[in-house]
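This report refers to the structure that appears directly beneath it.
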Amino acid sequence: MTTKTSELRNLPLTALSEDERLFRDSVWEFANREVRPRVREMDEHAKIPRELIDKLFELGVMGIEIPDSFGGGGASFFHSVLAVEALSRVDPSIGVLVDVQNTLVINALLRWGSDDIRRRCLPKLAGGTVGAYALSEAGSGSDAFAMATRASEDGDGFTITGRKLWITNGSEAGLFIVFANVRPEAGYRGITAFVVERDYDGFSVGKKEDKLGIRASSTCELLFDNCRVARANVLGEVGKGYKAAIETLNEGRIGIGAQMIGLAQGALDHAVAYVKQRKQFGKTIAEFQAVQHQIARAATELEVARLSVYNAARLRDAGQPFLTEAAMCKIFSSEVAERVTSLAVNLFGGYGFVKDYPVEKLYRDAKIGQIYEGTSNLQLQTIAKQILG
Ligand SMILES: Cc1cc2nc3c(=O)[nH]c(=O)nc-3n(C[C@H](O)[C@H](O)[C@H](O)COP(=O)(O)OP(=O)(O)OC[C@H]3O[C@@H](n4cnc5c(N)ncnc54)[C@H](O)[C@@H]3O)c2cc1C
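The sequence shown begins at 0 in numbering that gives the first Met the number 0 and counts up one residue at a time.
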């Protein structure tokens with residue numbers, strides 16, 4: 000499945016290699032067949048059925064970049080972007096489940112995991128275990144490194160105490176990457192990343208949030224009460240967790256960009272189909288120039304957002320700097336998603352405001368893009384720093 004960077008030279012950004020196209024088409028076909036019939040029920044019950052998660056594993060989208068030797072797809076980051084986009088076009092909750100698994104959890108393990116951690120964790124993640132990434136706390140969101148969760152050295156390991164909040168996949172996950180500070184007096188230089196498994200003593204999953212959007216995606220509190228973790232579970236080096244967090248989140252936000260363009264495309268698909276059949280004043284509403292221009296503007300914005308997401312992902316796969324582009328693609332695609340979903344609700348008229356039609360859900364789902372993996376203000380801060388020094 001791997002796409003060589005050399006294959007991409009001189010190609011338009013949106014041109015897909017043969018294996019990228021086949022992969023994207025298979026995910027899109029799956030999204031229509033397996034996800035679409037369940038979207039409303041999952042939103043209402045705020046739950047993703049385990050049988051659907053199992054099917055995502057069978058499809059091969061839960062271990063996209065994991066090497067073949069560990070049971071994964073051995074593909075590129077760009078493949079993850081294609082998968083998240085295609086799934087989010089139908090349901091952004093499924094999009095973020097797959098996004099966190101690949102662009103945060105697996106990505107961090109591939110980059111920072113020791114041979115032992117990779118050997119123990121990657122086959123699990125490719126084979127049925129959902130992962131979660133636990134950085135945020137009640138008192139530390141944007142200022143993530145002000146975390147209060149502590150890890151104390153304890154023989155040949157550490158004991159973690161504290162609480163994480165807002166953790167995506169918390170209900171389903173078996174494996175968690177958890178950030179805690181081992182030397183609070185050293186500030187962010189004490190932050191360390193650990194691999195924690197669900198059955199460890201002293202660890203439990205707490206309250207699940209009741210949310211505005213992406214309701215099927217679980218968002219949970221995690222509780223650590225003297226949770227003992229072996230030294231072999233330190234991801235990277237002690238005190239270097241801040242670096243692991245920054246680097247994985249820089250990449251992860253390209254995945255959120257992919258979620259947002261998929262979601263916006265889904266809303267536009269619904270709007271285009273609807274305006275062609277809804278009649279007012281004796282014509283379809285698509286015949287009104289005002290409506291045509293609104294659709295044209297939405298499609299244009301979406302195209303630009305997609306180019307920025309694909310460019311950031313291609314830069315990352317090519318080993319080139321992508322920090323600014325990743326922040327830009329996230330802020331822009333999340334704003335476009337909000338505008339396009341809002342337009343879709345408007346074009347559906349009263350039907351856009353009720354749950355019998357799909358666009359009100361996408362409108363609710365779009366809002367999260369400006370909040371998680373760094374709020375829009377924080378993205379602007381990153382971009383400004385690159386420009387102004
Ligand atoms: C559905 C959902 C899923 C999530 N999933 C995860 C997950 O899997 N793992 C995880 O670790 N976290 C997760 N989060 C947490 C998320 O990343 C944080 O909510 C986010 O980073 C914002 O932090 P906060 O909520 O504390 O807001 P705050 O940091 O308190 O921000 C509040 C407001 O202040 C603004 N602000 C803050 N600092 C500045 C500044 N310096 N300059 C300008 N404006 C500023 C922000 O832009 C925002 O508008 C999730 C959150 C949600 C809602």
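Glycine residues also receive a C-beta, built at the ideal position from the N, C-alpha and C atoms.
- Annotated as distal: residue 190 and residue 132, with beta-carbon spacing of 8 Å or more.
- C-alpha of residue 241 to C-alpha of residue 344: approximately 41 Å in a straight line.
- In its chain, beyond the 5 residues on either side, 75, 76 and 77 have a beta carbon closer than 6 Å to the beta carbon of residue 316.
- Contact between residue 166 and residue 221 holds, with the beta-carbon distance rounding to 5 Å and staying under 8 Å.
- Not one heavy atom of ligand 1 is found less than 7 Å from the C-beta of residue 384.
- With at least 16 other beta carbons inside 10 angstroms of its own, residue 269 counts as buried.
- Per the C-alpha coordinates, the member of 148, 205, 210 and 214 positioned closest to residue 193 is 148.
- For residue 161, the three-state secondary structure derived from DSSP is strand.
- When distances are taken from the beta-carbon of residue 311 to the heavy atoms of ligand 1, even the shortest one reaches 7 Å or more.
- About 17 Å separates the Cβ atoms of residue 375 and residue 362, ruling out a contact at the 8 Å cut-off.
- Here the C-alpha atom of residue 298 lies approximately 23 Å from the C-alpha atom of residue 79.
- Look at the beta carbons and you see the region 45-52 not touching the region 350-368: under three pairs across the two are nearer than 8 Å.
- Restricted to the region 110-192, the beta strand (DSSP E) segments that are unbroken, complete and at least 3 residues in length are 129-133, 149-152, 156-167 and 172-180, listed in chain order.
- Proximity of the region 54-72 to the region 105-113 meets the contact definition, three or more beta-carbon pairs being nearer than 8 Å.
- Setting aside the 5 residues that flank it on each side, residue 212 is surrounded in the same chain by 363, 364, 366 and 367, each with a C-beta closer than 6 Å to its C-beta; the list follows chain order.
- If you look at residue 287, you'll find it isn't in any alpha helix (DSSP H); DSSP assigns it neither H nor E.
- Take the alpha-carbon of residue 168 and the one of residue 353: they are about 28 Å apart.
- In this structure residue 42 touches residue 215 by the C-beta definition: roughly 6 Å separates them, less than 8 Å.
- Boundaries for residue 376: no beta strand (DSSP E) harbours it, while the alpha helix (DSSP H) harbouring it runs 375-387, taken from the DSSP string.
- Sorting 99, 87, 141 and 138 by C-alpha distance to the C-alpha of residue 128 places 99 at the top.
- Between ligand 1 and the CB of residue 15, the shortest heavy atom gap is not smaller than 7 Å.
- At a threshold of 7 Å, residue 258 does not count as near ligand 1, since its beta carbon sits no closer than that to any of the ligand's heavy atoms.
- Around the C-beta of residue 125, 16 or more other C-beta atoms lie within 10 Å, and the residue is accordingly described as buried.
- Residue 311 and residue 12 have their C-alpha atoms roughly 10 Å apart.
- In this structure, the alpha-carbon of residue 120 lies about 14 Å from that of residue 198.
- One Cα belongs to residue 281, the other to residue 273, and the distance between them is close to 15 Å.
- Using a Cβ distance threshold of 8 Å, residue 254 and residue 381 do not count as a contacting pair.
- Here residue 283 has 274, 275, 276 and 277 as same chain residues with Cβ atoms under 7 Å from its own Cβ, once five neighbours each way along the sequence are excluded.
- A distance of 8 Å or more separates the beta carbons of residue 35 and residue 264.
- If you draw a 10 Å sphere on the C-beta of residue 387, you find fewer than 16 other C-beta atoms in it, and that means exposed.
- In the DSSP assignment, residue 223 is bridged to 161 and 202.
- Sequence-distant Cβ neighbours of residue 322 in its own chain, meaning closer than 6 Å and more than five residues away, are 249.
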